[in-house]
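Numbering (numbering that gives the first Met the number 0), first residue to last: 0 to 303. Glycine is no exception: its CB is placed at the ideal position from the N, C-alpha and C atoms. What follows is one structure encoded as structure tokens, with my remarks underneath.
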Amino acid sequence: MMNKNVQVGDKIVLRSLIKKYFPPDLLINLDLISREKSETNTAKIPYILEELDKFGVPYGSKLGSGTNRYGILLDGYVVKIALDAAGKIDNRREFKYVMDVLDDVSKAYETVKTGIVLVCQYITPFSIDDFYDNQEQMRKILKKYDDLYLIGDVGVSTDNYINWGTRMDGSIAMLDYAYIYSTSFKNFMCTCEDEGNLEYDADHNYMICPFCRKKWSFGDIRRRITKDEQEAEIGDVMELGYVLRSPEEEHIVEAGKSVVKMKKPKKKKEPIVKRVVKDEDRTYDENMEYLKEFDEMVKNQGTE
Ligand SMILES: Nc1ncnc2c1ncn2[C@@H]1O[C@H](COP(=O)(O)OP(=O)(O)O)[C@@H](O)[C@H]1O
Ligand SMILES: [Mg+2]
Ligand SMILES: [Zn+2]
Numbered sequence: 000m001m002n003k004n005v006q007v008g009d010k011i012v013l014r015s016l017i018k019k020y021f022p023p024d025l026l027i028n029l030d031l032i033s034r035e036k037s038e039t040n041t042a043k044i045p046y047i048l049e050e051l052d053k054f055g056v057p058y059g060s061k062l063g064s065g066t067n068r069y070g071i072l073l074d075g076y077v078v079k080i081a082l083d084a085a086g087k088i089d090n091r092r093e094f095k096y097v098m099d100v101l102d103d104v105s106k107a108y109e110t111v112k113t114g115i116v117l118v119c120q121y122i123t124p125f126s127i128d129d130f131y132d133n134q135e136q137m138r139k140i141l142k143k144y145d146d147l148y149l150i151g152d153v154g155v156s157t158d159n160y161i162n163w164g165t166r167m168d169g170s171i172a173m174l175d176y177a178y179i180y181s182t183s184f185k186n187f188m189c190t191c192e193d194e195g196n197l198e199y200d201a202d203h204n205y206m207i208c209p210f211c212r213k214k215w216s217f218g219d220i221r222r223r224i225t226k227d228e229q230e231a232e233i234g235d236v237m238e239l240g241y242v243l244r245s246p247e248e249e250h251i252v253e254a255g256k257s258v259v260k261m262k263k264p265k266k267k268k269e270p271i272v273k274r275v276v277k278d279e280d281r282t283y284d285e286n287m288e289y290l291k292e293f294d295e296m297v298k299n300q301g302t303e
């Protein structure tokens, strides 16, 4: 899908919030924190904040954490920082599928190859009252994607309403849609001998086998998807967008590479277009060398 206002061949100015505020060393340090196995995800948050402060990232509000990611507000955008390997996959997954579900999710603008950070549109999370007021609308949205995607943890339930929110214009959207899987990539079948294609219940909280009526939670289904299958499905995010090497660059719009229009928060008159993937400047070997050194440093410091 191409943004209506942008044509193939047009010149566009792309800006990168990641290039502006997240130098390679910071990305590496955040990556190291995400790999730390001896800490819980909650315990990692102070280390993340310490890194952001150390590198002078001028974030505003702290949005808090879900299961695998921590959110901050930066220049009016949300930056989701992965707390572990699953969080990195979640960021890449949202970036990969955003164009397919664009009207109904927080727009994902920018990421890096590893998925350690994702920049996306701010959406005011639902209160419980918002949830009760918007259930019909939620069902309607979820129904749109029934055939093409499996989207977990966004069903109409008191467990999931925090993954929904309201945009500035009053429309509602999913703000956490990381458990999105394309049915064209993988068919979700029951393990019974009839191998029924799983179907949603009315509220999209479970999937049900049409033959044996077994109820599957999204957790059950996810556990059946291997890491290799995930990697094969998501592929290289660097191929999905425009690769920026500086905070601001002119690019030519290419066919097959989508652009999501992004408004700069304060200067409302000046439209900014971009959907970017940024790469780290270091080579893989340089990164590994750096990681090793850093690992040593961390070990020598010990943990508090
Ligand atoms: N687009 C968004 N707008 C506002 N807040 C967000 C947005 N995306 C995530 N958040 C907040 O950031 C935190 C973590 O994000 P979330 O996507 O829920 O992570 P997880 O996948 O780990 O559950 C949550 O507190 C959530 O409310
Ligand atoms: Mg969440
Ligand atoms: Zn079955």
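Got a sec: does ligand 1 put a non-hydrogen atom nearer than 8 Å to the Cβ of residue i?
i, result
"Arg68", "yes"
"Tyr58", "no"
"Tyr121", "yes"
"Val259", "no"
Mind checking whether residue i and residue j have CB atoms under 9 Å apart?
i, j, result
"Thr165", "Ile122", "yes"
"Met206", "Phe184", "no"
"Tyr180", "Ile224", "yes"
"Ile113", "Lys87", "The sequence given here has Thr at residue 113, not Ile. Result yes, Cβ atoms of Thr113 and Lys87 sit closer than 9 Å."
"Asn40", "Asp83", "yes"
"Ile178", "Val153", "Strictly speaking, residue 178 in this sequence is Tyr, with Ile absent from that position. Yes, these two residues count as a Cβ contact at 9 Å."
"Asn67", "Glu50", "no"
"Lys95", "Ile233", "yes"
"Asp158", "Asn204", "yes"
"Lys256", "Gly240", "yes"
"Asp202", "Ser156", "yes"
Go ahead and label residue i buried or exposed: buried means 16 or more other beta carbons lie within 10 angstroms of its beta carbon, across all protein chains shown.
i, result
"Arg34", "exposed"
"Lys36", "exposed"
"Arg92", "buried"
"Gly55", "exposed"
"Gln120", "buried"
Is residue i near ligand 2, going by C-beta to nearest heavy atom under 8 Å?
i, result
"Gly65", "yes"
"Asn133", "no"
"Asp175", "yes"
"Asp129", "no"
In its own chain, which residues sit with a C-beta less than 8 Å from the C-beta of residue i, not counting the 5 before and 5 after it?
i, result
"Asp235", "Lys112"
"Gly195", "Met188, Cys189, Cys208, Pro209, Phe210, Cys211"
Is it the case that the CB of residue i approaches a heavy atom of ligand 3 more closely than 8 Å?
i, result
"Gly195", "yes"
I'd like the list of long-range same chain contacts for residue i, defined as Cβ closer than 7 Å, with 5 residues on each side in sequence excluded.
i, result
"Val5", "Ile11, Val252, Val258, Val272"
"Ile17", "Glu109, Val111, Val116, Val118, Lys277"
Ordered along the chain, which non-local residues of its own chain (more than five positions away) have a Cβ less than 6 Å from that of residue i?
i, result
"Ala254", "Val7"
Is the stretch 100-108 touching the stretch 54-71, taking contact as three or more C-beta pairs under 8 Å? no
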